[in-house]
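Visitor: Just so you know, we're using the UniProt record's numbering here: the sequence shown kicks off at 1 and counts up by one.
Glycine is no exception: its CB is placed at the ideal position from the N, C-alpha and C atoms.
Given the structure is predicted, the values throughout are model-derived calculations rather than measurements.
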Amino acid sequence: MSDTERQSQDAASTGTGYRVLARKYRPKDFTDLMVGQEPMVQTLTNAFETGRIAQAYMLTGVRGVGKTTTARILARALNYKTADIDKPTIDLRIPGEHCQAIMEGRHVDVIEMDAASHTGIDDIREIIEQVRYRPVSARYKVYIIDEVHMLSTQAFNGLLKTLEEPPEHVKFIFATTEIRKVPITVLSRCQRFDLRRISASDLVGLFATIASKEGIEAEPDALAMIARAAEGSARDGLSLLDQAIAHGGGAVLAETVRGMLGLADRARIVDLFHHIVKGDVAAALGEFESQYEAGANPVAVLTDLADFTHLVTRLKYVPDAANDPSLSEIERTKAAEFAQSVAVTTLSRIWQMLLKGIPEAEGSSRPAGAAEMVLIRLTHAAHLPAPEDAARRLAEFSETNGGGRPSVPSGNGGGGATVNYQGNLAARSTESIPRPQPAGPTAMLRAVPNPDPQNVPVGRVETKPAEAPKPLVSVNSITDIANLAGEKRDVKVKALVRNFVRPVRIEPGRLDVNLTEGAPGTLLNELAVKLKDWTGIHWIVSLSREEAQPTIVEAEANAKAQQVSDARQDPDVAAILAQFPGAKIIDVRVRAPEPDEEEEVKAPAAAESEEGDILPGDDIIF
1 MSDTERQSQD AASTGTGYRV LARKYRPKDF TDLMVGQEPM VQTLTNAFET
51 GRIAQAYMLT GVRGVGKTTT ARILARALNY KTADIDKPTI DLRIPGEHCQ
101 AIMEGRHVDV IEMDAASHTG IDDIREIIEQ VRYRPVSARY KVYIIDEVHM
151 LSTQAFNGLL KTLEEPPEHV KFIFATTEIR KVPITVLSRC QRFDLRRISA
201 SDLVGLFATI ASKEGIEAEP DALAMIARAA EGSARDGLSL LDQAIAHGGG
251 AVLAETVRGM LGLADRARIV DLFHHIVKGD VAAALGEFES QYEAGANPVA
301 VLTDLADFTH LVTRLKYVPD AANDPSLSEI ERTKAAEFAQ SVAVTTLSRI
351 WQMLLKGIPE AEGSSRPAGA AEMVLIRLTH AAHLPAPEDA ARRLAEFSET
401 NGGGRPSVPS GNGGGGATVN YQGNLAARST ESIPRPQPAG PTAMLRAVPN
451 PDPQNVPVGR VETKPAEAPK PLVSVNSITD IANLAGEKRD VKVKALVRNF
501 VRPVRIEPGR LDVNLTEGAP GTLLNELAVK LKDWTGIHWI VSLSREEAQP
551 TIVEAEANAK AQQVSDARQD PDVAAILAQF PGAKIIDVRV RAPEPDEEEE
601 VKAPAAAESE EGDILPGDDI IF
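As structure tokens, then:
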């Protein structure tokens, strides 16, 4: 009896009569796993052919990519046995003696354990006790531990020795979605496979094949929507396909899938994007209202808009991305047109604003209103020039006006005028010099306060040449930064700089450092912001791999240790220590010289001493 016939008989006997697609079409051999996991299959194929079979495997990836299924197929391959083949192999086209029981999770020698519910050391002790016994019928005793990252620290430690030197008849297969939570000592004893997200194009092909086998009518656009919603998970995608079949009454149509998922029409998303980049607020809000009334989720609209923005940006540099089968025809053509006409700076600004706006809409009690506010900001920003364009226009304006302060045209087209902060017209020039004016508004008027507005002669305009920005304070060392933090009464930054920052290179506007262990992850960004506020110039603070100087605390500790060492070498101090056994030097204080002693301190013998050396008159505390 074949696997399909047996499954149908089991279903009929239980009275269910139906198995969900995610279970019915679960991969049963490595041929099925070739969808999206080709590197892993190729590695295992070569390992089995050469006999280089590892003692433990670690399978990691997002939910639904096939970790547990791969573990069962791997256990089946390790214990494969037929009348003609009795060795591990990846060619599993013909079912073996143990294949059916292993794939159904009921084989006595393939033990599956869910680490989410068996997290303690007692569960691992049970495994350690059982590994001594040989398998009952199979070639290997295989332990499959799912969600292994949820084991406790004691459980991991108890497993280490057995995992490093297991008996020849035992194999371990671990699966996890949180590989970073698995101790490195466990990872180093396993052969690791990262199961990749399945691409949208592969998912569309898989769904089309399954729909054909099931005799289900499925529109390509509907399958593309399901593939995008699955986010690389075959199991999630098949569950959505099952739901779409039931929702559509036996057919998978784009309109029903769009309503089921709360999505907007992709063509209407393109229209919304067009209104935004054109700067038409009314049209953008009208399009959004129409989509919302049609049943689209406001958050889904913003998310689709972000996806389309990403597609347009990507097509600017990777034109071949338009060949993705998960894209509709209108997305493919319109995105290519926008990629030619919309600037990267505009696309980047839209992307950043959407990243901030989507969480706002998700957390708002009125998602539709929040989404509309995001669209208004996006559309308004479309009229703003890019930062580099604004800087270029300002530079051109300054050159046109000779680098001086821009003049204000009078009502009759005459000369310029000086305006103080009170808004009073101080003077009007009677002798104006004609100057070329730009075609449109290119810069804002900068008003300069006059210390004595009553003392400005009529008919005279005073100008002041522009000056380059200068640092408010001088910063030449890491000590200057710490002292500056102290002056600004920022105790936290001062302590962080003193304890964790090892300077490599420092110059105006740039600081390269190393960080000691335990430094906060946000220290560099926080330091850059503080330096800009304190000095008035922009700072680039970067992490360097070059050799660095010690931190301020380390330098002070080294200096103190040198002072204590110098004190021990002093004959008088050595005599005191010898006279009082157990005495210790706990502090050395360098006494500042009195005014009448300055000449004595500057004597030749003292001048040759290093900074921090013990000199006559210094205080040594025992």
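Output the distance between the C-alpha atoms of Leu272 and Asp307, rounded to the nearest integer angstrom.
Guide: Distance between the alpha carbons of Leu272 and Asp307 is about 13 Å.
Visitor: Under a three-way DSSP split, which group does Lys81 fall into?
Guide: Lys81: coil per DSSP, three-state reduction.
Visitor: Report the three-state DSSP secondary structure of Asn514 (helix, strand or coil).
Guide: DSSP places Asn514 in strand when its eight states are reduced to three.
Visitor: As a quick exercise: from Trp351, His310, Glu487, pick the residue whose alpha carbon is nearest that of Ala336.
Guide: Comparing Cα positions, the closest option is His310.
Visitor: If we require 4 or more residues per run, which alpha helix (DSSP H) segments fall completely within the stretch 528-585?
Guide: Counting whole runs of 4 or more residues, the stretch 528-585 contains the alpha helix (DSSP H) stretches 552-569, 571-579.
Visitor: Please state if the CB of Val504 and the CB of Leu527 are separated by a distance shorter than 8 Å.
Guide: Not a contact, by the Cβ cut-off of 8 Å.
Visitor: Could you check what DSSP says for Val448 in three-state terms: helix, strand or coil?
Guide: Residue confidence for Val448 is low, a pLDDT of 46 falling below 50, so the modelled location carries little weight and cannot support an answer.
Visitor: Please report the straight-line C-alpha distance between Pro453 and Gly521, rounded to a whole angstrom.
Guide: Summary for Pro453: the model assigns pLDDT 45, below 50, so the residue's position carries little reliability, and this model does not support an answer.
Visitor: Identify the continuous alpha helix (DSSP H) that holds Arg228 and give its terminal residues.
Guide: Its alpha helix (DSSP H) spans residues 220-230.
Visitor: Return the first residue and the last residue of the alpha helix (DSSP H) that Pro298 is part of.
Guide: Residues 298-317.
Visitor: How many angstroms separate the CA atom of Tyr18 from the CA atom of Asp114?
Guide: Going from the Cα of Tyr18 to the Cα of Asp114 covers about 26 Å.
Visitor: To which residues of the same chain is Thr313 closer than 6 Å at the C-beta, ignoring the five residues directly before and after it?
Guide: Taken in chain order, the residues that qualify are Leu347.
Visitor: What three-state label does DSSP hand Gln37 in the structure shown?
Guide: In this structure, Gln37 counts as coil in the three-state DSSP scheme.
Visitor: What's the C-alpha gap between residue 628 and Met40?
Guide: For residue 628 there is no data in the structure shown, the boundaries of the chain being 1 and 622.
Visitor: Between which two residues does the alpha helix (DSSP H) harbouring Arg268 extend?
Guide: Unbroken alpha helix (DSSP H) run through Arg268: 266-278.
Visitor: Drop a sphere of 10 angstroms on the beta-carbon of Phe580, count the other beta-carbons inside from all chains shown, and report buried for 16 or more, exposed for fewer.
Guide: Under this definition Phe580 is an exposed residue.
Visitor: Exposed or buried, Ser117, counting other C-beta atoms within 10 Å across all chains shown (16 or more means buried)?
Guide: So Ser117 ends up on the exposed side.
Visitor: What residue does the alpha helix (DSSP H) around Arg235 start on, and which one ends it?
Guide: First-last of the alpha helix (DSSP H) with Arg235: 234-247.
Visitor: Among residues of its own chain, excluding the 5 on either side of Glu219, which ones have a beta-carbon nearer than 6 Å to its beta-carbon?
Guide: Within the same chain, Glu219 has close Cβ partners Leu253, Ala254.
Visitor: Is it buried or exposed, Glu287, if we count other Cβ atoms within 10 angstroms and call 16 or more buried?
Guide: Buried, by the Cβ-count rule.
Visitor: Spatial neighbours of Glu372 within its chain, please: C-beta separation below 7 Å, excluding the five flanking residues on both sides.
Guide: Counting only Cβ-Cβ distances below 7 Å, and skipping sequence neighbours, we find Leu285, Phe288.
Visitor: If contacts are defined as beta-carbon pairs under 8 Å, then Ile276 and Ile330 qualify, I think. What distance do you get, rounded to the angstrom?
Guide: Rounded, the Cβ-Cβ distance is 17 Å, inconsistent with contact.
Visitor: Quick test of the definition: if touching needs 3 or more C-beta pairs under 8 Å, does the stretch 289-304 touch the stretch 361-377?
Guide: Touching, per the Cβ criterion.
Visitor: For my contact list, Tyr25 and Leu78 are in at a C-beta cut-off of 8 Å; report their separation, rounded to the angstrom.
Guide: Wrong, their Cβ atoms sit about 24 Å apart, outside the cutoff.
Visitor: Around the C-beta of Ser341, are 16 or more other C-beta atoms found within 10 angstroms, so that it is buried, or is it exposed?
Guide: Ser341 should be labelled exposed.
Visitor: Return helix, strand or coil for Arg502, following the three-state DSSP convention.
Guide: Here Arg502 sits in strand by DSSP.
Visitor: Would you call the CB atoms of Val62 and Gly232 closer than 8 Å?
Guide: In this structure, Gly232 lies closer than 8 Å to Val62 by Cβ.
Visitor: Considering only the alpha carbon of each residue, which of Ala251, Met225, Gly279, Leu238 lies closest to Ala267?
Guide: Minimum Cα distance to Ala267 is reached at Met225.
Visitor: Quick one: what does DSSP say Ile145 is sitting in, helix, strand or coil?
Guide: Three-state DSSP puts Ile145 in a strand.
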